[in-house]
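Working notes for the structure below.
2 protein chains.
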Amino acid sequence: MAERATLSSVAERAGTSRQTVSNVLNAPERVRPETRDRVRAAIEATGYRPHVAARQLRTRRSMNVGLRLMPLQDGINGSILDAFVHALTENAAHAGYRLVLFSAPDDDGEIAAYDELLETADLDAFVLTSTHHGDRRTRWLLDHGVAFATFGRPWSAGTDPRDSVHHWVDVDGRLGAAAATRHLRDLGHERIGFLGWPAGSGAGDERRAGWRDVLGAAAVLDEAVTDGVRQGSDAAARLLAAGATALVCASDSLALGAFHRTTAVVGFDDTPVAAAVGLSSVAQPVEAAAAHVVAMLARALGDPVPPVLPSTPDRHVLLEPRLVVRDEPVSLAHP
Amino acid sequence: MAERATLSSVAERAGTSRQTVSNVLNAPERVRPETRDRVRAAIEATGYRPHVAARQLRTRRSMNVGLRLMPLQDGINGSILDAFVHALTENAAHAGYRLVLFSAPDDDGEIAAYDELLETADLDAFVLTSTHHGDRRTRWLLDHGVAFATFGRPWSAGTDPRDSVHHWVDVDGRLGAAAATRHLRDLGHERIGFLGWPAGSGAGDERRAGWRDVLGAAAVLDEAVTDGVRQGSDAAARLLAAGATALVCASDSLALGAFHRTTAVVGFDDTPVAAAVGLSSVAQPVEAAAAHVVAMLARALGDPVPPVLPSTPDRHVLLEPRLVVRDEPVSLAHP
DNA sequence: CATCAACATTTGATCGATCAAATCCAATCA
DNA sequence: TGATTGGATTTGATCGATCAAATGTTGATG
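Quick mapping for you: the protein sequence lines, in order, are chains A and B. The numbering used here puts the first residue of the first sequence at 1, with every later residue one more than the last. The numbering used here puts the first residue of the second sequence at 336, with every later residue one more than the last.
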């Protein structure tokens, strides 16, 4: 087994010094072209790869980004986050970052984990998901000058202006719900109900607002229940009894419950279940969201943003969801 | 902002040397109790935490475990892997490991990533999922003396004995299918069909075998289709037409398709969908699987195995799945 | 031809831990 | 008393990179 190549071993081979090799990698413009080529050849020949721990010890940069895995969602809806984690992993790799996972029982535990990881492992940044009212995590990170971005808007009532200064990416659920409503109207439905959650959840309220945007004064058939298939089924029955002929739902769980009462249903998040049963649903562009998150972090960290990532310098990005229309229900098509 | 505490700063405060502080942390028995207490007090007072990069540079151990995120499953079934990732993250933390994610387009890409991560980041071990026939990854890792464990048996036809020497954890699908079949028989069904995949997939064949184990010569109603809700629905119709009154399915996707034809269905993997619609399903003990994986890695690495992890010294663990019986179908209960 | 600036390259120190070997110290024994 | 032993503690070197400052080289300029 060959010895591990180091800066020094490469330097020796190229007939230069450590630092020149280092410069070829980190500041090539400082090195004369001929030397550069000679060093590059030596790097190639030895298969040299920089050792991250050594670099980290000196620079205090680990190129690692932390992500807390949220406790598993009980239902169907958790899968967007999983898709997001996938997309994040790939996009982080494009920018040279690696994703480090950790878990915590609650927000305070997550904050304690930040503290620990920053001090012991030099994590460069964090990605937060599932932002909510009164989120202490963002405050802590801002106060400590840590780079981070959230997937999800800051949902606070705007009391503290600092909440809006951090980087975030979110999907415009209002637009999505509006598109869903319009789609059903285009199919000929006139009495379109909304099946969502009780007021108070940021995302839920947004979606309801999108439905109202389209229907205006006709937006009267409104049910608010906790998330779940059974609740969706029951509430759908009530809405249909009240005269609704089509339903916009705040989640695929609710939509799945509603789906066997009528196929004129649109769900939210385009989970695997929706695809499986042929349910139309509003898809979140998680891939794009992840790309924006990584781009924001790279900018915040002063690192180059690779061309594959979005180059908008915005600190906030609100993405447009996409309505996935499926016109052939699969599993519930009783003969 | 206080300066970062280091071994030296703690040592100074405690009136000892660096090395003694290091010993208190890594080999306390070498230090006289009084000194030990003094040092511990200094550690406490300064909030000292060891810097992983510095340690890693010297010891060549990162305490990081790599995991490749598989490309997203198209359907419902991917969620077991996600649950496994969660469980793995938590159990890894118990043993002092962190989980580092990476992605790769295929097995060869994964191997290239191993190579890279080992050399640059000193990853201590890897966890592999979705093992399959002719898996080159395990061979490579064995050849390079890298610690790893797989979630999933080596499914090779036993040509190379090395395949069986590595650490693996799996769930006994055969047992699970048998339990499902028995459950349906106990409910009074006599003609129980199996709805699975074409022969050739390790896990699928196991599950079919479990069904045969229970029914013996009565195991005749057998359909093999590719995975999917629609396929499940269609195949279920054929099986029912052929006289079946109940169905054991190889996946929740298939089971969901079958579910509206008859509620006498048992699925596999107990995905969120199954819970959502009230479908009985065979649950994989992912939590236990993850704990075993971490315990195996810790042993392989010569690290202490924390008491919360299983202490069996086995290199192979076959876990028993659990049948989750749900007797009230939710969404498909047509009035 | 000497001087100076600008560029190119090298040298020594450093990040914070561990390893290996040296030193210190108290207790034991000839 | 002095040598010996074993445990406790300290010292110096090291891992592999980067930083900061010093040195070396080149070309332009008066």
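Where is the CB? At the ideal position from N, CA and C, for every residue including glycine. This structure is a prediction, so every number in the text was calculated from the model and none was measured.
DSSP state of residue i mapped onto helix, strand, coil
i	result
R542(B)	helix
A290(A)	helix
H669(B)	Per-residue confidence for H669(B) stands at a pLDDT of 40, beneath the threshold of 50, marking its modelled position as unreliable; the derived number appears in the next sentence. Coil, per DSSP.
V356(B)	helix
T129(A)	strand
S586(B)	coil
G401(B)	strand
A27(A)	coil
S568(B)	helix
T6(A)	coil
S281(A)	strand
W168(A)	strand
L353(A)	The requested residue 353(A) does not occur in the structure, where chain A is confined to residues 1 to 335.
S103(A)	strand
R657(B)	strand
R433(B)	strand
M336(B)	Residue placement at M336(B) cannot be trusted, given a pLDDT of 49 that sits under 50; what the coordinates show is reported in the next sentence. Coil at M336(B), not helix or strand.
H518(B)	helix
T150(A)	strand
V306(B)	It is not possible to answer for residue 306(B), since the shown part of chain B is limited to 336 through 670.
A14(A)	helix
L297(A)	helix
A244(A)	coil
G508(B)	helix
Given residue i as reference, the closest of the options once Cα atoms are compared
i	options	result
M398(B)	G551(B), D459(B) and A534(B)	D459(B)
G511(B)	T464(B), Q619(B), R526(B) and A553(B)	Q619(B)
Y114(A)	L141(A), V229(A), W211(A) and T131(A)	L141(A)
P664(B)	P642(B), P656(B), V643(B) and V612(B)	V612(B)
T181(A)	T89(A), H260(A), R261(A) and G267(A)	G267(A)
D340(A)	D143(A), R230(A), V165(A) and S130(A)	Chain A is shown only over 1 to 335; residue 340(A) falls outside these bounds and no answer can be derived.
W503(B)	P368(B), A340(B) and A635(B)	A635(B)
T341(B)	T466(B), A377(B), H468(B) and R526(B)	A377(B)
H260(A)	T312(A), A246(A), R49(A) and E206(A)	A246(A)
W211(A)	R191(A), P154(A), G228(A) and P28(A)	R191(A)
P321(A)	S8(A), D170(A), L72(A) and A241(A)	D170(A)
V39(A)	L57(A), A275(A), R13(A) and P310(A)	R13(A)
A336(A)	A274(A), D82(A), D303(A) and A264(A)	There is simply no residue 336(A) to check, as chain A begins at 1 and stops at 335 in what is shown.
T263(A)	T312(A), H132(A), P33(A) and V248(A)	V248(A)
Proximity below 8 angstroms, CB of residue i to CB of residue j
i	j	result
L654(B)	D548(B)	no
V640(B)	A630(B)	yes
D470(B)	D443(B)	no
T351(B)	T381(B)	no
L187(A)	L239(A)	no
G152(A)	V100(A)	no
A93(A)	S438(B)	yes
L556(B)	G592(B)	no
H86(A)	L423(B)	no
A633(B)	A430(B)	yes
G563(B)	W490(B)	no
P642(B)	H627(B)	no
E224(A)	A199(A)	According to the sequence displayed, residue 224(A) carries Ala and not Glu. In this structure, A199(A) lies closer than 8 angstroms to A224(A) by Cβ.
H518(B)	V660(B)	yes
V265(A)	V608(B)	no
Y48(A)	V24(A)	no
M139(A)	L128(A)	Per the sequence shown, the amino acid found at residue 139(A) is Arg instead of Met. No; because the gap between Cβ atoms is not below 8 angstroms, this pair is not in contact.
R185(A)	E206(A)	no
L57(A)	L392(B)	yes
Do three or more CB pairs link the segment 277-295 of chain A to the segment 245-256 of chain A at distances below 8 angstroms?
yes
Touching or not, the segment 41-55 of chain A and the segment 450-459 of chain B, by the rule of three or more beta carbon pairs under 8 angstroms?
yes
If contact is defined by three or more beta carbon pairs under 8 angstroms, each pair taking one atom from either stretch, is the segment 466-482 of chain B in contact with the segment 548-560 of chain B?
no
Check distances from the C-beta atoms of the segment 109-139 of chain A to those of chain B and list, in chain order, the residues that come in under 8 angstroms.
E116, E119, T120, A121 and D122
If the cut-off is 7 angstroms on Cβ atoms, which residues from the segment 86-104 of chain A count as contacting chain B, listed in chain order?
H86, T89, E90, A93, R98, L99, V100, L101, F102 and S103
Can you give me, in chain order, the residues of the segment 163-192 of chain A that have a beta carbon less than 8 angstroms from any beta carbon in chain B?
none
Flag this pair as touching only if the segment 528-547 of chain B and the segment 558-572 of chain B have three or more C-beta atom pairs under 8 angstroms; answer yes or no.
yes
Give, in chain order, every residue of the segment 274-291 of chain A whose Cβ lies closer than 9 angstroms to some Cβ of chain B.
A275, A276, V277 and G278
The segment 236-249 of chain A: positions lying closer than 7 angstroms to chain B by Cβ
none
Return the residues of the segment 362-396 of chain B that lie within a Cβ-Cβ distance of less than 8 angstroms from chain A, sorted by chain order.
R384, P385, H386, V387, A388, A389, Q391 and L392
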